[in-house]
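Protein chains in written order, with the numbering used here: chain A, 41 to 343; chain B, 41 to 343. Cβ coordinates follow ideal geometry from the N, Cα and C atoms, glycine included. For clarity, every value in this text was computed on a predicted model and none was experimentally measured.
2 protein chains.
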Amino acid sequence: MAAYSFGWCDVGGAPVTAPGGKGLRQALAVLGAEIAGAPPQAGVPAAVAVELVHTFSLLHDDVMDGDPVRRSRPAVWRAYGTGPAVLAGDALFAQAVDTLATSAGGAGAVRLLSAALGDLVRGQADDLLFAGRPWTGPRRVRSAEYLPMAEGKTGALLGCSLALGALLGGASPTVVAGLDRAGRQAGVAFQIADDVLGTWGDPAVTGKPVHGDLRERKKTLPVVSALESDRPAARRLAALLEADGDVARAAELAEEAGGRAAALAVARRCGAAALAELDRISAPARPVRDLRALLDGVVARSR
Amino acid sequence: MAAYSFGWCDVGGAPVTAPGGKGLRQALAVLGAEIAGAPPQAGVPAAVAVELVHTFSLLHDDVMDGDPVRRSRPAVWRAYGTGPAVLAGDALFAQAVDTLATSAGGAGAVRLLSAALGDLVRGQADDLLFAGRPWTGPRRVRSAEYLPMAEGKTGALLGCSLALGALLGGASPTVVAGLDRAGRQAGVAFQIADDVLGTWGDPAVTGKPVHGDLRERKKTLPVVSALESDRPAARRLAALLEADGDVARAAELAEEAGGRAAALAVARRCGAAALAELDRISAPARPVRDLRALLDGVVARSR
């Protein structure tokens, strides 16, 4: 199941080359080590650990959301069953902890990971709870609630990737904390970009069913922002969502109400905040330049 | 959800006193520290960590097995939903790792836990796979396969409880390893006792539906041993199980075929092996005596 989810084999175990992840978290871990002035290899245990945690969280996430498709293939729970998928996730988590506990970073590295994991779980729990809340009325989800949820769900592990790499590279606590903040801000931008792609993106590119978030009543920033606007389309969108109407039409109305533009503005702001954190760190020029380019790309992918 | 699963509150969060666990793993952790010559308090972080991991594994286990009842109350997934139960388990796991990473045991303690977790997951995976295999024929599950499964599923965490407590108490690697082996043997005995209670025990005492294991086609040692016997009842049992017949009658036939007695003999042997490990450890008399009594009780509870 682990090899399947990494894209290394088919359901039966025969080798294939299927789409794996983007490798973003591993790249961040290695860049973190280089920013600390260490050779990139120093960040490899961090890269392995965060990729294992990321894969574990995807396995459990797809179980929780009932998402049948991941990276254009059946999700692990669809291919192997819910129980085995939960268990495979647990095994990947144990392996991630083991990788760090045997690394040069020792208990400090494990602590960074377990703290990020606590935030990740809290973010995912909020995401689940938000899906159960109404689109409108006093119990609606506000954009101010979205941001800490996205920081936990997506930002915590991106921040941890950079911070862990830097820690293994011997960086000071100040640099480790600054990179953690930069990664968290980038993570919020990344999550917003994901929301925009999930609502208006090409499913052939995203590998996920179109409008899945809307169907699952996920409170994504573009839709929440659209509902908070005072344009006429916002009221039509509210009525349509409350009536469980056509999701393609809802996406159109959300754009008309300015939700897409508002969300992308927030993403740009978070991206800029991430880059501002980097300005405060004195580090070798090359890895910082690479990290800037990477974070720029994270924000740009939804435009 | 965590408080509910510890028996501290009802589903809505109102305080109640519901049955929690037996506290076996915590007791082992504290005794491990005392066997190392440290005060019992030294084992508390180990006790907290192993209880968190135990609860996490119960939450995920009940999701995987579809068990609706745990400790005479609705299982967490029944009370709160599958997704939240998976997530709550993940949070408990993160908390367990965090507890050890910030303890005096540091990375070494985390490594003991993550290794036990790897074994636990492997044991649970085998348990799941065994349930999907037939009762008879060449693909049947043999008692020789049952033992490593039970050691992983139940023994690994009991061994880890003792070993972690001893590690935090400053024990030598030899003592830590000896206690780990003792706990693993005791765990197999414990699991067999659990199997016997699940098949012939009083549900009012076990807190679980009677014959649940048989219904789920779990390959427990008493039933596997019964099927391996050459008594006439073994053949009748095989025919009944293959026909998905009455589970109460299957339990009767398993006893008639000597499955209960054979399983209990193995449990006694494992219990004796655990006690023999203790004989090889030089340690203060009082905690060793307490540990002996505890391990004796583990094996005795099914008689």
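For Met189 (chain B), the nearest beta carbon of chain A is not closer than 8 Å to its own beta carbon. Residue pairing by DSSP places Arg113 (chain B) opposite B:Arg110 in a beta bridge. Note on geometry: alpha-carbon atoms of Gly209 (chain A) and Val116 (chain B) lie some 42 Å from one another. Taken in chain order, the unbroken stretches of alpha helix (DSSP H) that lie wholly in the region 190–267 of chain B and span 4 residues or more are 196–208, 213–240, 243–246 and 252–255.
Taking CB atoms only, Ser154 (chain B) has a neighbour in chain A less than 8 Å away. For the set B:Val161, B:Ala294, B:Gly121 and B:Gly123, the Cα lying nearest the Cα of Asp270 (chain B) is the one of B:Ala294. Using a CB distance cut-off of 8 Å, Val103 (chain A) counts as an interface residue toward chain B.
In the three-state scheme derived from DSSP, where H, G and I count as helix and E and B as strand, Pro324 (chain B) is classed as coil. One thing to note: Val161 (chain B) has its Cβ within 8 Å of the Cβ of Asp130 (chain A). Boundaries of the alpha helix (DSSP H) around Pro272 (chain A): Pro272 to Glu282. Residues Val228 of the same chain have their beta carbon placed closer than 7 Å to that of Leu187 (chain B), with the five preceding and five following residues left out of the count. Between the beta-carbon of Phe230 (chain B) and that of Val328 (chain B) there is about 19 Å, and that puts the pair past the 8 Å contact cut. The continuous alpha helix (DSSP H) containing Phe96 (chain A) extends over residues Val84 to Asp105. Here Arg257 (chain B) has Ala171 as same chain residues with Cβ atoms under 7 Å from its own Cβ, once five neighbours each way along the sequence are excluded. Around the beta carbon of Arg326 (chain B), a 10 Å sphere encloses fewer than 16 other beta carbons of the protein chains shown; the residue is thus reported as exposed. In the structure shown, the three-state DSSP call for Pro55 (chain B) is strand. Rounded to the nearest angstrom, the Cβ distance from Asp235 (chain B) to Ala184 (chain B) is 16 Å, too far for a contact under 8 Å. Taking C-beta atoms as the reference points, Ala89 (chain A) and Val70 (chain A) fail to come closer than 8 Å.
Distance from the CA of Leu277 (chain B) to the CA of Val56 (chain B), rounded to the nearest whole angstrom, comes to 43 Å. Taking a Cβ-Cβ threshold of 9 Å, none of the residues of chain B is close to Gln81 (chain A); the smallest such distance is about 20 Å.
Out of B:Ser154, B:Pro108, B:Leu207 and B:Phe46, the CA that lies nearest to the CA of Gln81 (chain B) is found in B:Leu207. Taking 8 Å as the CB threshold, Gly192 (chain A) stays off the interface with chain B. Taking 8 Å as the threshold, the shortest C-beta distance from Gly123 (chain B) to chain A falls below it. The beta carbon of Leu254 (chain A) sits closer than 6 Å to those of Val287 and Ala290, all from its chain and outside the five residues before and after it, given in chain order. For Cys49 (chain B), there is no enclosing alpha helix (DSSP H), as DSSP marks it with neither H nor E.
With its beta carbon at least 8 Å from every one in chain B, Gly227 (chain A) lies outside the interface.
Asp130 (chain B) reaches chain A at Phe96, Ser97, His100, Gly129, Asp130, Phe133, Leu157, Leu160, Val161 and Gln164, counting residues in chain order whose Cβ is nearer than 9 Å.
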